[in-house]
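S.K.: After the C-alpha cells below, expect a handful of questions from me.
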Amino acid sequence: MIRKILIANRGEIACRVIKTARKLGILTVAVYSDADSHALHVSMADEAIHIGGSASKDSYLVADRIINAAKKLNVDAIHPGYGFLSENAAFATACADNNIIFIGPPPAAITAMGSKSAAKQIMASAGVPLVPGYHGDEQAERVLKAAADEMGYPVLLKAAAGGGGKGMRQVWKAEDFSAALAAAKREAIASFGDDVMLVEKYLTQPRHVEFQIFCDSLGNGVYLFERDCSVQRRHQKVIEEAPAPGMGDNLRKTMGEAALKAAQAINYVGAGTVEFLLDRDGSFYFMEMNTRLQVEHPVTEMITGEDLVAWQIQVANGEPLPKLQDDLSYSGHAFEARIYAEDPENDFLPATGKLNLLQPPAENRHVRVDTGVLEGDSVSVYYDPMIAKLVVWDTDRDKALARLRRALRSYHIDGVTTNIEFLYTLASNRAFHEAKLITTFIEKHQDELF
Ligand code: ADP
1 MIRKILIANR
11 GEIACRVIKT
21 ARKLGILTVA
31 VYSDADSHAL
41 HVSMADEAIH
51 IGGSASKDSY
61 LVADRIINAA
71 KKLNVDAIHP
81 GYGFLSENAA
91 FATACADNNI
101 IFIGPPPAAI
111 TAMGSKSAAK
121 QIMASAGVPL
131 VPGYHGDEQA
141 ERVLKAAADE
151 MGYPVLLKAA
161 AGGGGKGMRQ
171 VWKAEDFSAA
181 LAAAKREAIA
191 SFGDDVMLVE
201 KYLTQPRHVE
211 FQIFCDSLGN
221 GVYLFERDCS
231 VQRRHQKVIE
241 EAPAPGMGDN
251 LRKTMGEAAL
261 KAAQAINYVG
271 AGTVEFLLDR
281 DGSFYFMEMN
291 TRLQVEHPVT
301 EMITGEDLVA
311 WQIQVANGEP
321 LPKLQDDLSY
331 SGHAFEARIY
341 AEDPENDFLP
351 ATGKLNLLQP
361 PAENRHVRVD
371 TGVLEGDSVS
381 VYYDPMIAKL
391 VVWDTDRDKA
401 LARLRRALRS
411 YHIDGVTTNI
421 EFLYTLASNR
431 AFHEAKLITT
441 FIEKHQDELF
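Residue 348 in my numbering sits at position 348 of the sequence shown, and the numbers go up by one each step.
Written out as C-alpha cells, the structure is:
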C-alpha cells in the first residue's frame, strides 16, 4: 500500500500530484533545487528535501540523489511527473531495485517506446498503422536518401531519440536532402547525443490526435478518449482540446482500439498516450507513445470527470482500473492553453523576471488553473518557462471557447512578458473557431495571428 509518495519533479505538475495524494490521504515529499527552495511545491508537500544545484542536471535529473532522498524519508513510491526522469528506464529500474514503487510503466515498456525507430518496428508488427517511412538500423546517407526518393517528397527527417520537436527537418526536394540530413543530425547530437534518423513521408495537412490510455497490472486496458493537439509552434503544443472536433464515434473507437493495441504490444501498465497523425481522408498513423502522464491530461479529466493521478496511484498499488471501457463516457468540451513566460513579438524567446502581479481567473466548475508559482515568485532561466495551464470546460465547443477567451481576458500578469495576448488572439481566430485544425495552423494563419 502506498502511504507516502516522493514527487521527483517541480512546478505545476508537482503541485498537481500533491493535490491528489492529499485527497487520497497519502503523505507527500517534495524535492527541490537551490533555485526552488521557496517554491510552491515545497510548501505544499508534507516534507521536503534539498537535492542539489539549480541546473536540472545537478538536481532533478540526478537519479541517485532522488533515490537516496526517497530512502532517507522512507517513501513507498515515486511519482516522476513529466519530463526530467519520467521516461528514464534506468531510473524506473533503480526504484524497483530499492523497493520503491515507480508510478509509471515497467522499465521495458519505457525502453520499447524510447526510440522512435524501435517503437515503429514494434507497432508495425502489432499491426498498428504507421506513416510510410524508413525506420531501419542501416544509417548510411545513400540508404536514407534512397528511402526518401522511393517514397517521394516531401519527407520528414526525425531523430530516433527525438522529443520536443528537436532533430526534425522537412525535405521538399531531392537536392535538399543532404543538407537537411546534416542539419537534423547536428541538432540530434546536440540535443540527445544520438543521431540515428528516421525518414517519413511528410503529411502536409494532418491533425495531431492522441489517445489517453490506461492499463492495470491485471491485464485490463481502456482508452479515455482523445485530445486534439494540432495547434503547435515548432512542433510544440500551444492549445489542446478534448474531444477532437468532428471525430465520429466509429473513428474514435477504431483509433482508441489501435491505441490500446499499441499499449498491449509492449505489456503496458499505467497512464500512457498514443499519438497519431490524422489525415483529412480519415486515415491515421501511429507517431509515438509517451510513457507518462502528459502535460495536457487535464482536458481529459474535465470531459470524463476522472482524476488520472488517482488512477495512476491505484494502478501502481496493484489495484484494477477504477473503470472499464463500457463505464467510461465524456461530456462537453475542454480546452487547455499553456501560459508561458515568453515573448511572442521576439520569436517567442523565453522571458525571465519576477511575477510582480499574478492574478489568474477565479477557479470554479468551468475554470481550472494548474500552476506552480505564486505572486512574487521568479521565472528563472533554469527550467521550462511555463507559468500555468489554463483549463476550461463547458457543455459544447463554442461555449468552452468563449470561456477560454473570457478567462484569458481576466488573467493578469506583470513583471514578466507572457504569451497571454497571443493565446487570446488565437482563441479569437475565425479558423480556430471553425475548428479547421491542422498541425501547421499557426504557420498558415500567421498573418492573422501576429
Ligand atoms: P517529438 O517527439 O519531437 O514531439 P513527434 O514525432 O511527436 O516529435 O512529432 C511532433 C510533431 O511533428 C507532430 O505533432 C506533427 O505536428 C509533426 N509531425 C511528425 N511527423 C510528421 C509527419 N510524418 N508528417 C507531418 N507532420 C509530422
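All C-beta atoms, glycine included, are put in the ideal place defined by N, C-alpha and C. A quick note: this is a predicted structure, and the numbers were derived from the prediction, not measured.
Leu156: beta carbon under 8 angstroms from a heavy atom of ligand 1?
M.R.: Yes, Cβ of Leu156 sits closer than 8 angstroms to a heavy atom of ligand 1.
S.K.: Within a Cβ cutoff of 6 angstroms, which residues of the same chain sit near Cys95, ignoring the five residues on either side of it in sequence?
M.R.: Correct list, in chain order: Ile78, Phe102.
S.K.: Rounded to whole angstroms, what's the CA-CA distance from Ser378 to Arg406? Just pull it up for me.
M.R.: Those two C-alpha atoms are separated by around 26 angstroms.
S.K.: If you count every other CB in all the chains shown that lies within 10 Å of the CB of Gly256, and 16 or more means buried, which is it?
M.R.: Burial call: buried.
S.K.: Which residues in the same chain have their Cβ closer than 6 angstroms to the Cβ of Ile49, if we skip the five residues on either side of it in sequence?
M.R.: Val31, Ala69.
S.K.: Starting from the Cα of Thr28, find the closest Cα among Asp36, Ser37, Glu47, Gly11 and give me that residue.
M.R.: Considering only alpha carbons, the answer is Glu47.
S.K.: In the DSSP assignment, find the unbroken alpha helix (DSSP H) run with Tyr330 in it and report its ends.
M.R.: First-last for Tyr330: undefined, no H or E at that position.
S.K.: As a quick exercise: from Arg397, Ala160, Lys173, pick the residue whose alpha carbon is nearest that of Asp149.
M.R.: Residue Lys173 is the option with its Cα nearest to Asp149.
S.K.: Does Arg403 come out as helix, strand or coil in the three-state DSSP assignment?
M.R.: Residue state, collapsed to three classes: helix.
S.K.: Find the nearest neighbour of Val222 within the set Gly165, Ala258, Val209, Val196, judged by alpha-carbon distance.
M.R.: Measuring from the Cα of Val222, the nearest candidate turns out to be Ala258.
S.K.: Less than 7 angstroms between C-beta atoms, sequence neighbours within five positions excluded: which residues of the same chain meet that for Tyr285?
M.R.: Only Pro129, Leu130, Val131, Phe276, Leu277 meet the Cβ criterion.
S.K.: What does the alpha-carbon distance come out to for the pair Val62 and Ser428?
M.R.: Val62 and Ser428: Cα-Cα distance of roughly 43 angstroms.
S.K.: Spatial neighbours of Asn98 within its chain, please: C-beta separation below 7 angstroms, excluding the five flanking residues on both sides.
M.R.: Closer than 7 angstroms at Cβ, skipping near neighbours: Ile67, Lys71.
S.K.: Does the stretch 173–186 come close enough to the stretch 151–163 to have 3 or more Cβ pairs within less than 8 angstroms?
M.R.: As far as the Cβ criterion goes, the stretch 173–186 touches the stretch 151–163, which means the pair count is three or higher.
S.K.: Tell me Val367's beta-bridge partners as DSSP assigns them.
M.R.: Its beta-bridge partners are Val392.
S.K.: Looking only at C-alpha atoms, which of Ala362, Thr304, Glu87, Ala108 sits nearest to Phe225?
M.R.: That would be Thr304, whose Cα lies nearest to the Cα of Phe225.
S.K.: Between which residues of its own chain and Ser283 is the CB-CB distance below 8 angstroms, once the five residues before and five after are set aside?
M.R.: Within the same chain, Ser283 has close Cβ partners Pro129.
S.K.: Candidates Tyr330, Ile339, Gly353, Met123: which alpha carbon is nearest Asp249's?
M.R.: When only C-alpha atoms are compared, the closest one is Tyr330.
S.K.: Note down the Cα distance separating Asp228 from Glu200, rounded to an integer number of angstroms.
M.R.: About 21 angstroms.
S.K.: Indicate whether Lys261 and Gly114 have their beta-carbon atoms separated by less than 9 angstroms.
M.R.: Against a cut-off of 9 angstroms, the Cβ pair of Gly114 and Lys261 comes out as no contact.
S.K.: With a threshold of 8 angstroms, establish whether the CB of Val469 neighbours any heavy atom of ligand 1.
M.R.: Because residue 469 is not part of the residues shown, which for the chain are 1 to 450, the question remains open.
S.K.: Could you give the C-beta distance for Gly164 and Gln264, rounded to a whole number, given that I count them as a contact under 8 angstroms?
M.R.: With a Cβ gap of about 27 angstroms, Gly164 and Gln264 do not count as contacting.
S.K.: Please classify Ile363 as buried or exposed, where buried requires at least 16 other C-beta atoms within 10 Å of its C-beta.
M.R.: The residue you asked about is not Ile; residue 363 is Glu in the sequence shown. So Glu363 counts as exposed.
S.K.: Does the count of Cβ pairs from the stretch 106–121 and the stretch 193–210 closer than 8 angstroms reach three?
M.R.: Touching, yes.
S.K.: Closer than 8 angstroms: is that where the CB of Thr204 sits relative to any heavy atom of ligand 1?
M.R.: Yes, Cβ of Thr204 sits closer than 8 angstroms to a heavy atom of ligand 1.
S.K.: Measure the CB-CB distance between Leu349 and Asp414 and report whether it falls below 9 angstroms.
M.R.: Taking 9 angstroms as the Cβ cut-off, Leu349 and Asp414 do not qualify as a contacting pair.
S.K.: Under the three-state reduction of DSSP, which class applies to Phe450: helix, strand or coil?
M.R.: Coil, per DSSP.
S.K.: Between the alpha carbons of Ile189 and Lys23, how many angstroms are there, rounded?
M.R.: Distance between the alpha carbons of Ile189 and Lys23: 43 angstroms.
S.K.: Below 8 angstroms, how does it come out for the stretch 335–347 and the stretch 387–400: are there three or more Cβ pairs, yes or no?
M.R.: Verdict: yes, contact present.
S.K.: Does DSSP put Phe432 in a helix, a strand or coil?
M.R.: Correct three-state label for Phe432: helix.
S.K.: By DSSP's criteria, Glu200 is part of a beta bridge. Which residues make up the other side?
M.R.: Looking at the DSSP assignment, Glu200 forms a beta bridge with Gly133, Leu156.
S.K.: According to DSSP, simplified to helix, strand and coil, what is Phe422?
M.R.: Note: Phe422 maps to helix in three-state DSSP.
S.K.: Should Lys116 be counted as a contact of ligand 1 given a C-beta to heavy atom distance under 8 angstroms?
M.R.: Indeed, a heavy atom of ligand 1 lies less than 8 angstroms from the Cβ.
S.K.: How many whole angstroms separate the CB atoms of Glu12 and Asp370, which I take to be in contact at a CB cut-off of 8 angstroms?
M.R.: Indeed, because the Cβ distance is near 5 angstroms, the residues count as touching under 8 angstroms.
S.K.: With hydrogens ignored, establish whether the beta-carbon of Leu277 is closer than 8 angstroms to any heavy atom of ligand 1.
M.R.: Checking every heavy atom of ligand 1 against the Cβ of Leu277, one is found closer than 8 angstroms.
S.K.: Would you kindly report the start and end of the unbroken beta strand (DSSP E) that includes Val222?
M.R.: First-last of the beta strand (DSSP E) with Val222: 221–233.
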